[in-house]
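Residue numbers (this note's numbering): -15 to 374.
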């Protein structure tokens, strides 16, 4: 019990041995529904959908971000039974076709970042990973690379009892200065009634212990030990209302009524065991992002007539919430997928530790703890002596 108590005391006094600076973080999440980058090369003037300008709009939503995270889902067609069977049974034989899909998006993102950002502000890719539809690509300003350490990335499979990665998460982490970051890109169980499965998927992702990958992460070895944790993805949480009521509220602009029935917000508020209960999300001021007819602004008109929902979300956690400020939380009207992409911009307070000064504070805190411990022992001894037990 001594070490956690000491760590907590040091955290409360970190201003005495740390300097701080602001760092801007931009996160974009999108279920691309197997769309290819070339599908963005069109403007739907009739529907007001600027597919061509989408990536530039994301990259200009926050001026010169220091960390830039793209978390995509369904880069390959998960509805294709043929593709799924090949990936599960003959992964290596199907690798070329699958990996090409990821490479196309990787190349498009690298190009978009290079074109959108000022020449005096180059960026470098520090993490890229894929897992059966999930794709994560993380950029940092090249000037920050020397301040980075302990970089690692891993995956958490949740499909088919944890054996297949059609659902799950990509988890990446690094340390910048002396602050640790963790980014989780998720695709959770689908279906209006599968809330419990989604909760289970999240618990598996957030509680993931991938051995040596996270050793030294934050103050320990688990995801939530990191100082800053950002979670994005197609979380698939739905709205607990009939489709007609949801459509009517959307047309009336009554988003607050719908948010009152949002499964994720209800779980965060009412379910004490929910793993995202300790996370934060900026107020949602945009329309539900799912499910649209492709190349349309109409919600699902197929036979299934799925209920619109805010499936696509970005959340964050920090032990000291005052260190994170949300600058924006918005969606983009890109119609090449059945989901609308979402981005969030943040500014976080990064710390740089003076370890000599920290050592002095730690010695002082240790002495104070020892004095308090001796005082408690003496009080207990007197108490039991008065009872005649010693």
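Heads up, the beta-carbon is just placed ideally off N, CA and C, and yes, glycines get one too.
query = What first and last residue would you give for the alpha helix (DSSP H) that runs through residue 169?
reply = In the DSSP assignment, residue 169 falls outside any alpha helix (DSSP H) and lies within the beta strand (DSSP E) extending over 163 to 171.
query = In angstroms, rounded to a whole number, what distance separates the CA positions of residue 250 and residue 244?
reply = 7 Å
inquiry  = Rounded to whole angstroms, what is the Cα-Cα separation between residue 210 and residue 126?
reply    = 23 Å
key: Length of the line joining the Cα atoms of residue -10 and residue 326   = 40 Å
query = For residue 252, which three-state DSSP category applies?
reply = helix
key: Selection from 316, 358, 42 that minimises the alpha carbon distance to residue 93   = Of 316, 358, 42, the residue nearest in Cα terms is 42.
query = Helix or strand or just coil, what does DSSP make of residue 356?
reply = Of the three classes helix, strand and coil, the one that applies to residue 356 here is helix, per DSSP.
query = Between residue 9 and residue 263, is the Cβ-Cβ spacing less than 8 Å?
reply = no
task = Reducing DSSP to helix, strand and coil, say where residue 368 ends up.
result = The answer is helix: DSSP assigns residue 368 an H, G or I state.
key: Where the beta strand (DSSP E) containing residue 334 begins and where it ends   = 326 to 337
task = Can you grab the Cα-Cα spacing for the pair residue 228 / residue 330, in whole Å?
result = 36 Å
task = Identify whether residue 134 lies in helix, strand or coil by the three-state DSSP scheme.
result = strand
key: Spatially closest choice to residue 167 from 180, 305, 35, 301, by CA coordinates   = Each of 180, 305, 35, 301 was checked against the Cα of residue 167, and the nearest Cα belongs to 301.
query = So residue -3 packs on residue 345, CB below 8 Å; how close in whole Å?
reply = 6 Å
task = Following the continuous alpha helix (DSSP H) through residue 228, name the residue where it begins and the one where it ends.
result = 227 to 236
DSSP-derived helix/strand/coil call for residue 301 = strand
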